[in-house]
Amino acid sequence: MVNTTQTQELSTWTNVFGTKQGAIYQCDEERCWYVDFAGKVAKFDYRCLLKLKKAVYHVDIEDRLLNSGKSPDVEIIFICACDHTYVLNLLQIIALKEILEGTFVMFQLNHIIQDTLYRLPL
Amino acid sequence: MKDLIRIKSLISTEVESLLNQQVKKEAYSSSVYLAMASWCNRNGYDFSSEYFFKQAEEERQHQLKFYKYILDMGGNAISPDVTGIKQEYNSFREVFEEALDQEISVTQSIKNIYARCLKEQDFVTNEFLNWFLKEQREEEYKARRALELFEVIGEEGTGRWQIDKHVGGIKYDSEA
Chain A
1 MVNTTQTQEL STWTNVFGTK QGAIYQCDEE RCWYVDFAGK VAKFDYRCLL KLKKAVYHVD
61 IEDRLLNSGK SPDVEIIFIC ACDHTYVLNL LQIIALKEIL EGTFVMFQLN HIIQDTLYRL
121 PL
Chain B
1 MKDLIRIKSL ISTEVESLLN QQVKKEAYSS SVYLAMASWC NRNGYDFSSE YFFKQAEEER
61 QHQLKFYKYI LDMGGNAISP DVTGIKQEYN SFREVFEEAL DQEISVTQSI KNIYARCLKE
121 QDFVTNEFLN WFLKEQREEE YKARRALELF EVIGEEGTGR WQIDKHVGGI KYDSEA
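Protein sequences, first through last, are from chains A and B.
The opening position of the first sequence corresponds to residue 1 in full-length UniProt numbering, with each subsequent residue numbered one higher.
The opening position of the second sequence corresponds to residue 1 in full-length UniProt numbering, with each subsequent residue numbered one higher.
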């Protein structure tokens with residue numbers, strides 16, 4: 001796990017999507033993504049990134065907001081066969097969800113651009 | 001930036017999810033047919049029981065086709081939980097009515113995936129689904145024909161015995 005992003009790394013990583021709370025970078029060389037969120041930078045491969053997305057999307061934010069019970073406002077995002085676990089409060093979940101949504105929209109956009117500029121004209 | 005998602009998988013996550021739902025649906029169908037085979041056997045309808053055993057096996061094969069396709073395209077195939085299978089039926093006819101309902105629901109579900117693939121221009125998956133659409137013609141025909149037997153033979157007297165005998169002979173051999 002990387003704790004801080006070095007300038008050299010940032011030069012080889014592409015910022016896919018980011019907000020004030022964090023960002024997701026893509027490293028083409030390693031064919032993976034780095035999630036800079038909640039004070040750490042964690043490396044995710046294809047499968048783990050999809051699992052992270054599924055786990056975060058699975059949290060019922062509305063239900064949590066309306067729940068007036070005394071249970072702690074904390075969600076553990078545990079991803080099977082992945083080195084990273086997140087312990088996040090509701091606001092962080094919302095922030096991470098926003099980053100992931102933006103990231104996957106960017107992936108779709110990138111797919112369209114790749115098709116249009118490089119794959120189809122060949 | 002490389003299109004890493006596309007490099008890893010030919011199908012989108014949405015189509016992958018729909019295909020996994022279909023895996024579950026086929027597994028459910030297979031289990032429903034197995035329960036029908038058991039009910040028919042227990043009630044003396046041996047030909048119908050055999051017919052449903054065959055149907056259960058076919059549905060299992062369909063499930064595996066979807067399962068392997070997801071894996072071949074770089075997706076994540078999920079082995080489904082199958083629960084809530086009805087074990088008892090009120091009548092011989094009800095078994096066939098539910099079998100037809102089951103097939104209609106499978107056809108509808110495949111049409112739904114097909115529509116999604118068209119929207120995404122995923123013609124590769126569309127081509128894969130063509131085989132299933134043709135298969136559904138046969139499945140629905142057989143289920144509908146079985147119900148038709150109840151109308152033309154009638155259940156009175158030895159009617160149900162006759163119907164059972166004819167269910168074993170239902171075939172669909174249209175070349176169209």
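Even for Gly, the Cβ is constructed at its ideal location relative to N, Cα and C.
According to the DSSP assignment, Ala23(A) belongs to the beta strand (DSSP E) that extends over 23-27. Ranking Leu120(A), Leu65(A), Gln21(A), Tyr57(A) by CA distance to the CA of Phe78(A) puts Tyr57(A) first. Shown here for Leu100(A): same chain residues with a beta carbon closer than 8 Å to its own, the five before and five after excluded, namely Ile24, Leu52, Lys53, Val56, Tyr57 in chain order.
Note on Trp161(B): under 16 other CB atoms within 10 angstroms of its CB, so exposed under the neighbour-count rule. Distance check between Asp46(B) and each of Phe96(B), Val167(B), Ile85(B) places Val167(B) closest, using alpha-carbon atoms only. According to the DSSP assignment, Thr85(A) belongs to the beta strand (DSSP E) that extends over 85-89. Contact annotation: the segment 32-50 of chain B does not touch the segment 111-121 of chain A, with fewer than three C-beta pairs closer than 8 Å. Relative to Ser29(B), the option among Glu127(B), Glu14(B), Gly84(B) whose CA is nearest is Gly84(B). In the three-state DSSP reduction, Val74(A) falls in the strand class (E or B). By the Cβ-count criterion, Asp28(A) is exposed, with fewer than 16 other Cβ atoms from all chains shown falling within 10 Å of its own Cβ. Closer than 9 Å to the CB of Thr116(A) there is not a single CB belonging to chain B. Taking one beta carbon from each stretch, the segment 90-106 of chain B and the segment 1-8 of chain B have fewer than 3 pairs nearer than 8 Å; the two do not touch. Taking the Cα of Lys8(B) as reference, the smallest distance to any Cα among Tyr46(A), Asp63(A), Ser11(A), Gly102(A) is reached at Tyr46(A).
Annotation for Lys43(A): the continuous beta strand (DSSP E) segment containing it runs 40-44.
Ile170(B) and Lys142(B) do touch by the CB rule: their CB atoms are close to 5 Å apart, below 8 Å. Within chain B, the C-beta atoms nearer than 8 Å to that of His111(A) come from Asp3, Ile5, Arg6, in chain order. Distance from the Cα of Asn20(B) is smallest, within the candidate group Leu64(B), Met36(B), Ser49(B), Glu57(B), for Leu64(B). The beta carbon of Asn130(B) does not come within 9 Å of any beta carbon belonging to chain A, so the residue lies off that interface. Under DSSP, the beta-bridge partners assigned to Cys32(A) are Cys27(A).
Below the 7 Å Cβ cutoff, chain B contributes no neighbours of Phe78(A), its closest Cβ being approximately 18 Å away. Distance from the CA of Gly102(A) to the CA of Leu66(A), rounded to the nearest whole angstrom, comes to 26 Å. Around the C-beta of Lys25(B), 16 or more other C-beta atoms lie within 10 Å, and the residue is accordingly described as buried. In the same chain as Phe17(A), and ignoring 5 residues on each side of it, the C-beta atoms closer than 8 Å to its own belong to Ala23, Ile24, Ile99, Gly102, Thr103, Val105, Met106, in chain order. Secondary structure at Thr12(A): helix, using DSSP grouped into helix, strand and coil.
Excluding residues up to 5 positions away in sequence, Lys43, Phe44, Asp45 lie with their Cβ nearer than 7 Å to the Cβ of Cys32(A) in the same chain. Taking C-alpha positions only, Val59(A) is separated from Val41(A) by approximately 22 Å. Boundaries of the alpha helix (DSSP H) harbouring Arg144(B): 123-153, taken from the DSSP string.
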